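Chains as they are written, first to last, in this note's numbering: chain P, 1 to 439; chain Z, 1 to 309; chain A, 1 to 390. By construction, the Cβ of each residue, glycine as well, lies at the ideal position given by its N, Cα and C atoms. Note that the coordinates shown come from a computational prediction; the quantities given were computed from them, not determined experimentally. Working notes, structure below.
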Amino acid sequence: MTPGESPGPDRRTVMKAVGGSAIAAALAGCTRLLGDDGDDGGGSADVPDEPIQAGLQTFTEGAASVLGLQTQYGAELAIQRINDAGGVAGREIELDVRHEAEAHVENYQQFVDEGKDVTFGPTSSGGHEALTQEVEEQGVVNVGTDGTVTTLYEETNDDPLYSFRFQNYDVMECVTVARAVVEELGADNVDTVAGINPNYSFGQDEMRFFVKALKQMTDAEVVYEGYPDLLAEDMSTHITEVNNESPDVTFSSMWGGDVTTLLTQAQANDMFDETQIAGTVLYSAVDDLGRDVIEDAEAISGSRNWYWGHPDPGRWSPGRDLFEVARDQFDVVPTAHFHSGYGAVAAWATAVEKAVDLIGGWPSQDQIARALEGHGFYTPSGYHVIRADDHQGMSNSYYGRMTWDDDVGAAALTDVGSFGPREVAPPPGTSASDWIDSW
Amino acid sequence: MVALENVAIHTLNGVQYGFVLFLIASGLTIILGILDVLNLAHGELFALGAYVTSSLVGALVGAAFTPDSGLGFLLVVLAGSALAAAVLVPVGLFLEAVLLRPIYERDEVYQLVLTFALLLVIKDAIKYVWGPKPVRLEGVYSGINALATVSIAGRTFPTYKLLIIVVGAAVTVGLFYFFERTKTGRIVRATAIDREMATAIGVDVDRTFTLVFAMGAFFAGFAGAMALPPTQAHLEMGADPLVLSFVVIVIGGLGSLRGAFVGALLVGVLTRWATWLYPAMELAAPFAIMAVVLLVKPEGLFGSWGERA
Amino acid sequence: MSDDRRLPGVVDRDGERRVRVMAGLELSRGRAALALLGVALLFAVPDLTPLLPGVKLLVVHQGLLFGFAAVGLNLLLRHTRLVSFGHAAFFGAGAYATAVLATHYEVAGLFTLLATALVAAAVVATVVGYLSLRHTGLYFALLTLAFGQLLFAIAQGQQFLGGSDGLSVRPGPGRGGAPTILGQVFAPEVYELLVYYLTVVVVLVGLLVMYRLANSPIGNALDAIGQDRTRAQFIGIPTRRYVWAAFVISGVYGGIAGGLYGVAVKHVRPEATLHFLRSGEILFMAILGGFQTLLGPLIGGVVFFFLKIGGRNFTDYFDALTGVVLLLVVFGFPRGIVGSLGGDRSVRARAAAVRSDPTVVLEWAVAGVGRLGGALRTAARNVRSVFGGT
Numbered sequence: 001m002t003p004g005e006s007p008g009p010d011r012r013t014v015m016k017a018v019g020g021s022a023i024a025a026a027l028a029g030c031t032r033l034l035g036d037d038g039d040d041g042g043g044s045a046d047v048p049d050e051p052i053q054a055g056l057q058t059f060t061e062g063a064a065s066v067l068g069l070q071t072q073y074g075a076e077l078a079i080q081r082i083n084d085a086g087g088v089a090g091r092e093i094e095l096d097v098r099h100e101a102e103a104h105v106e107n108y109q110q111f112v113d114e115g116k117d118v119t120f121g122p123t124s125s126g127g128h129e130a131l132t133q134e135v136e137e138q139g140v141v142n143v144g145t146d147g148t149v150t151t152l153y154e155e156t157n158d159d160p161l162y163s164f165r166f167q168n169y170d171v172m173e174c175v176t177v178a179r180a181v182v183e184e185l186g187a188d189n190v191d192t193v194a195g196i197n198p199n200y201s202f203g204q205d206e207m208r209f210f211v212k213a214l215k216q217m218t219d220a221e222v223v224y225e226g227y228p229d230l231l232a233e234d235m236s237t238h239i240t241e242v243n244n245e246s247p248d249v250t251f252s253s254m255w256g257g258d259v260t261t262l263l264t265q266a267q268a269n270d271m272f273d274e275t276q277i278a279g280t281v282l283y284s285a286v287d288d289l290g291r292d293v294i295e296d297a298e299a300i301s302g303s304r305n306w307y308w309g310h311p312d313p314g315r316w317s318p319g320r321d322l323f324e325v326a327r328d329q330f331d332v333v334p335t336a337h338f339h340s341g342y343g344a345v346a347a348w349a350t351a352v353e354k355a356v357d358l359i360g361g362w363p364s365q366d367q368i369a370r371a372l373e374g375h376g377f378y379t380p381s382g383y384h385v386i387r388a389d390d391h392q393g394m395s396n397s398y399y400g401r402m403t404w405d406d407d408v409g410a411a412a413l414t415d416v417g418s419f420g421p422r423e424v425a426p427p428p429g430t431s432a433s434d435w436i437d438s439w
Numbered sequence: 001m002v003a004l005e006n007v008a009i010h011t012l013n014g015v016q017y018g019f020v021l022f023l024i025a026s027g028l029t030i031i032l033g034i035l036d037v038l039n040l041a042h043g044e045l046f047a048l049g050a051y052v053t054s055s056l057v058g059a060l061v062g063a064a065f066t067p068d069s070g071l072g073f074l075l076v077v078l079a080g081s082a083l084a085a086a087v088l089v090p091v092g093l094f095l096e097a098v099l100l101r102p103i104y105e106r107d108e109v110y111q112l113v114l115t116f117a118l119l120l121v122i123k124d125a126i127k128y129v130w131g132p133k134p135v136r137l138e139g140v141y142s143g144i145n146a147l148a149t150v151s152i153a154g155r156t157f158p159t160y161k162l163l164i165i166v167v168g169a170a171v172t173v174g175l176f177y178f179f180e181r182t183k184t185g186r187i188v189r190a191t192a193i194d195r196e197m198a199t200a201i202g203v204d205v206d207r208t209f210t211l212v213f214a215m216g217a218f219f220a221g222f223a224g225a226m227a228l229p230p231t232q233a234h235l236e237m238g239a240d241p242l243v244l245s246f247v248v249i250v251i252g253g254l255g256s257l258r259g260a261f262v263g264a265l266l267v268g269v270l271t272r273w274a275t276w277l278y279p280a281m282e283l284a285a286p287f288a289i290m291a292v293v294l295l296v297k298p299e300g301l302f303g304s305w306g307e308r309a
Numbered sequence: 001m002s003d004d005r006r007l008p009g010v011v012d013r014d015g016e017r018r019v020r021v022m023a024g025l026e027l028s029r030g031r032a033a034l035a036l037l038g039v040a041l042l043f044a045v046p047d048l049t050p051l052l053p054g055v056k057l058l059v060v061h062q063g064l065l066f067g068f069a070a071v072g073l074n075l076l077l078r079h080t081r082l083v084s085f086g087h088a089a090f091f092g093a094g095a096y097a098t099a100v101l102a103t104h105y106e107v108a109g110l111f112t113l114l115a116t117a118l119v120a121a122a123v124v125a126t127v128v129g130y131l132s133l134r135h136t137g138l139y140f141a142l143l144t145l146a147f148g149q150l151l152f153a154i155a156q157g158q159q160f161l162g163g164s165d166g167l168s169v170r171p172g173p174g175r176g177g178a179p180t181i182l183g184q185v186f187a188p189e190v191y192e193l194l195v196y197y198l199t200v201v202v203v204l205v206g207l208l209v210m211y212r213l214a215n216s217p218i219g220n221a222l223d224a225i226g227q228d229r230t231r232a233q234f235i236g237i238p239t240r241r242y243v244w245a246a247f248v249i250s251g252v253y254g255g256i257a258g259g260l261y262g263v264a265v266k267h268v269r270p271e272a273t274l275h276f277l278r279s280g281e282i283l284f285m286a287i288l289g290g291f292q293t294l295l296g297p298l299i300g301g302v303v304f305f306f307l308k309i310g311g312r313n314f315t316d317y318f319d320a321l322t323g324v325v326l327l328l329v330v331f332g333f334p335r336g337i338v339g340s341l342g343g344d345r346s347v348r349a350r351a352a353a354v355r356s357d358p359t360v361v362l363e364w365a366v367a368g369v370g371r372l373g374g375a376l377r378t379a380a381r382n383v384r385s386v387f388g389g390t
C-alpha cells in the first residue's frame, strides 16, 4: 500500500507507533487529554503524496557524538516506527542527518533550502542560542532535541513562534538533582558542597542553578568550584581539591567521555571516600563506565526525562520495549539523549496528525506551530506537554542511584523516583533564578 | 590555609602533566630546531599514538594479560605503548622524506600550510579507521593503579601517574644522553648549529632530518600512548596539546630541548597551581604564563638549540 | 597632476587604452572587463545562490568576510613577511564589539555597531602589535597565536561575554530583531541582502584602499622592511613604527570583517570567531588564494569557507578534502588560485602545451610517478640508513 492509496491512518496510529504498541489501549482513553473525542479525522485528499522531508542536526562525530549519535538513533527509531505504522497522515518521513559542528545556522538554512518540512536539533546549547532566531525568521518549525540552555526562551527568544524544545532544560535537571540529593542524604546532612563542571557556559550555568536550588533547601556552603576544560585529559587537580575539602556533596554536569574521565580518575584518587557525587548527565557515559567505578561511586544521578525502568515496566512496558530495540538495533543503552531525538520527532508527528485531523488537509508551518503549542503526547517515558507560552517541553524527570546491573552489563538506576515538571521548572514567564528565589 | 600535603600533591600532579607535555614538546622543538619547520600536525601524531594504543594495547591486554599478572601486566602495557609509538616512526619517515623534503627551500608559510593540511588529513584518516566516536582503553588505568597503592601525605596517589613520572624521567635522561654523549646525537646537534658545515664534514643531512622527524613522531605518539589510559581518545584531542606545546617551546626558547624540558615542567606545575589557587584562570593560565615569560625574557628561557642540548 | 587625472575614465597610456579606476590604478581593457565582471558577480551572488544547490548566501558572505580579514593579514604577510597566527583576535574583537553593544547597551544602529567594531579591533591590534612586534619569524607567529588564545580563553570564561554560548547581535527586547540600518527596521530577508551588499561595498573599497596603500611610499617601505629589516633601518625607515602601523591597519580589516560578521550572523561565539584554528584558517585563506596578489586572500576566503561548510554536503571527510586542496596548493600551485590563474607563466605554458599536444599530459604523469618513485626510494634509503647506519 503506497501512502497515496491509503486513506491515511488516524492519529492514534502515530500515537501508538511512537508511544509503543503495548499501550494502544491506554492511548485510546488518553486521546481525550488532547481535546479530541476519538473520532477518526482520517486522511484527506489535500494531503500530499510525497514523503515528509525532515532534517536533524546533531553531533555525529567527535567527543560529543556520544550524545549526538544517541539522539540520531532515537529520531531514527521514532521515524521507523511511524513509517511502519503508515506514516503521518499516510506520509512517510525521510530523515537527513547533518553533523552540527559550528554551523548551526548554516545547517538549518541548508535544510530549509532543500525544502525540509521540519527540522530537529541541535545538541549544543550555544548552537541553539545561535539558531533560535533564525528559525523565527525562516519559519520552518524546528523542534529542539537538546540545546538545553536556560536562557533560550527566557531571554534569547522570549516570544517564540516556530522554535520548540522537547527536552527538559538545564534548570529542570539541576533542580531534580538538588532535590534528589536532599531526599537521599537529608537536608541536615548537606553542609558543604563542591562542584567539578565542564569549563563552558553549560557547566557554569548548571553549577549556579544547582547551588541556588540546594541552598534554598539546605544550609549548604560552597567549598570548591572547579572547571576543567572540556575534554580535559587530566582532572586530578580538581579531584585533589575535592579530597582536600571533603564536601558532603560534589556536583558535576560533565557529560559523555568527560564523565568517564572524571569518575575513573576520582576512583584512582579515592575521591568517593571523601564525598558523594551527584550529577545531571552522568548517565550519558553509561556505555563506557566499568563495574568497579560504578560500584565505588554510588553516584546520585538525575536524568532529564527518560529512564527505561521507570515508570515500572510491569505496568508500562513501552520503556522496556524501547530499551530492548535500542540495544538490538543500535547497540547502545538508550539514554535521555536517545529520547531527545525520539521525543522531538514524536512531538512533531503527533501534533501534525492532530492538525491534519482538525483542518482536513496538510497544515502549514503556522498551523503546525500552533498545533504544537500546548500539545500533549505519549512516548515510552510517559506523558509530555509542549508549553504554549514558551514552547518548552515538560516531562517528568527521574533520579536514582547508579548501580551495576548484571543483566544489562551497564549501570542502571536503583530507587528510582520522579518529579513532575512543576516541581523542577519555573512557570512560564518567570525566570529560573526568580523562581528558585521565591521558594 | 594552604596545607603542605596539598601543595605536594598538586605539585606532583603538575610534574606528571609536565612530563606528558615534555614528551609532546620535545619532538616539536627538535624538529623546529633542526628542520626549521613548525609542525602543526604534531598534535595529530599525538592523537594517532593514542588511537593506535587503544587498538594495540587493547588487544594485548584483552588477549593474555590482566592486572593479575602483576609486574608482567605493567611491562606489557609499557611495551605495547612503545610499540604503538613505533608505528609512528614509518609515518614520520614518510611525512618527512616524501612530503616535507621538497619544500625546505621554500618560504616558511608553505611549511605551515603543508603541516596544517596534514593535520586535517590525519584527523580524517583517524576518523576513517577508528570511527567518529571516542575510544578508550579499558582496564589499564585501574589495573596499574591496583598493582600497588602509593600514599603521599596520607592521600592515595595513582600508581599510573607515578609511572608516567618515572617513564618521563627515563625518556628525558635518555634524550639528553643521546644528544650529549652519542655520536649520532652530536651530529644532529652539529646539523642544527650549521647545516652547511655539517654537510662539509660529511654528515648526511637528509638522513639526519629524517631521523629527527621520525624521532619527534615517535615521542608524540608515545605521549599519546601514555596519556590515553586515564582518559579517552577523540578526534579533537590533537588541538590542545599542540597549542600547549607551542607555549612550552616558546617559554623554553624555540628549538631548545633543555628549554622544552624546563618549559614543560614550568607550565605543568604552574597551570596546576593556577587551577588550584585561581580556578577562574584555568584556561587562560598557560598563555598568561607565556606572555609574562616573554615580557621578561624575550628569547625564551634557554635561547635556541645547538650549543647545548 | 591635473584634476582630470584623478578621475576614473579611459586614458591613453603608451598607445594603449587603459581604464583608470582611481589615481595609480589603471587596468588594461581585458583586466577592466574582468574586474567589472567580478564586481557584477559579487552583486549577483544573492540571485545566483538559489540556483546552485549546496551554495548558501550566508556561506559565501562569511567566506567574503574571513577573506577580507585575510586581505588585511596579507598586508603583513606580503609586504613585511610577518606571519600572523592570531588574526582571529581582531576578527573576534570586532564581532564581540557588535554583540556586547547590542546585547548589553541596546545599541541598534548598524553603522554605530560597525564603527565600534573597527575601534575595538584597532585597540586590540595596537596592544597586541606593541607586544608581539618585538619579535619576527616564528616567535612573532607564536606570540600572536598566544594572544589570540588568551582572548579566546577570556571570552570563553566571562559571563558578560556570554561564555561559550556567546552573545546575540539582536538589540532590543525579545532579541527578535536585527540591527537597524539608518534607523530603519527591515524584514529579515531584506536585511540579509542589505548587509550582504554592504559587505560587497566594504570589500571593494577595502581592496582599493589596500591597493593604494601597497603602491604608496608606505607600501614600498614595508616591502623594504620585509626584504631586509636591518637595511631598511639603515636607509632611515622607522621600521618599528611602520610595521606597527601596518599591523594595526591589518587588524582593522579583521575588525571590520568581524563587525560585519556580527551583524550578518547575528550571534557571536568564541569558537567561531576567536579560536586559534580560525587564525590559522585566515592565514591559509591568504595562501590558498595567492598571497602575492591583492585579490587572492579574498578568493581564498570564499573557497576555503565553502570547502569547510559546503564540503559536508559531498563527503564525511570534508576536513581531508580541505587538506588535499591545500596540499595541491603547496605542491602544484604555490602561487595560489589567483596567482596561478593570473600571472603564472608555467601554468599558461602548460595549458598551451596541452592544447598543442594533449599526449603531453601522459609524459607529465610518467614524470610525476617517476618523481614520486624517486622520493620513495630516497625515503627507503633514509630508512635503511637510519636503522642500519651508513
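Beta-carbon proximity list for residue i, same chain, < 8 angstroms, skipping 5 on both sides
i: A/ARG13; result: GLU26
C-beta neighbour in chain Z for residue i, strict 8 angstroms
i: A/ILE154; result: yes
i: P/ASP288; result: yes
i: P/GLU298; result: no
i: P/SER317; result: no
i: P/GLY8; result: Residue placement at P/GLY8 is flagged as unreliable, the pLDDT there being 44, under the threshold of 50; a coordinate-derived value is accordingly withheld.
i: A/ALA99; result: no
Proximity to residue i [Cα-Cα], best of the options
i: Z/MET215; options: Z/HIS42, Z/GLY72 and Z/GLY14; result: Z/HIS42
i: P/ALA63; options: P/VAL47, P/ALA101 and P/ASP46; result: P/ALA101
i: P/GLU114; options: A/VAL39, A/PRO50, A/PHE147 and A/LEU110; result: A/PRO50
i: P/GLU136; options: A/ILE225, A/PRO188 and A/ALA93; result: A/PRO188
i: A/PRO238; options: A/TYR253, A/GLN156, A/ASN220 and A/VAL252; result: A/ASN220
i: P/LEU69; options: Z/ALA79, Z/THR172 and Z/PRO134; result: Z/PRO134
Proximal residues to residue i (C-beta, below 7 angstroms), its chain only, five neighbours per side dropped
i: A/LEU76; result: LEU82, SER84, ALA246, PHE247 and SER250
i: P/VAL66; result: GLY256, GLY257 and SER284
i: A/VAL107; result: LEU101, LEU113 and PRO171
i: Z/TYR141; result: TYR160, PRO229 and PRO230
i: P/ALA26; result: Since pLDDT at P/ALA26 reaches only 37, below the 50 mark, its modelled position is unreliable, and the value read off the structure follows with that caveat. So no residue of the chain qualifies.
Cutoff 8 angstroms: residue i Cβ touching any chain P Cβ
i: Z/ALA227; result: yes
i: A/GLY206; result: no
i: A/HIS267; result: yes
Chain A contact for residue i (CB, 8 angstroms cutoff)
i: P/HIS99; result: yes
Give, in chain order, every residue of the region 151-173 of chain P whose Cβ lies closer than 7 angstroms to some Cβ of chain A.
-> GLU155, THR156, ASN157, ASP158 and ASP159
Taking three-plus beta-carbon pairs below 8 angstroms as touching, is the region 196-207 of chain P in contact with the region 363-371 of chain P?
-> no
According to a CB-to-CB cut-off of less than 9 angstroms, which residues of the region 60-85 of chain A neighbour chain Z?
-> LEU77, ARG81, VAL83 and PHE85
Between the region 81-90 of chain Z and the region 50-70 of chain Z, are three or more C-beta pairs nearer than 8 angstroms?
-> yes
State whether the region 217-235 of chain A contacts the region 54-61 of chain A, with contact taken as three or more CB pairs (one from each stretch) at a distance under 8 angstroms.
-> no
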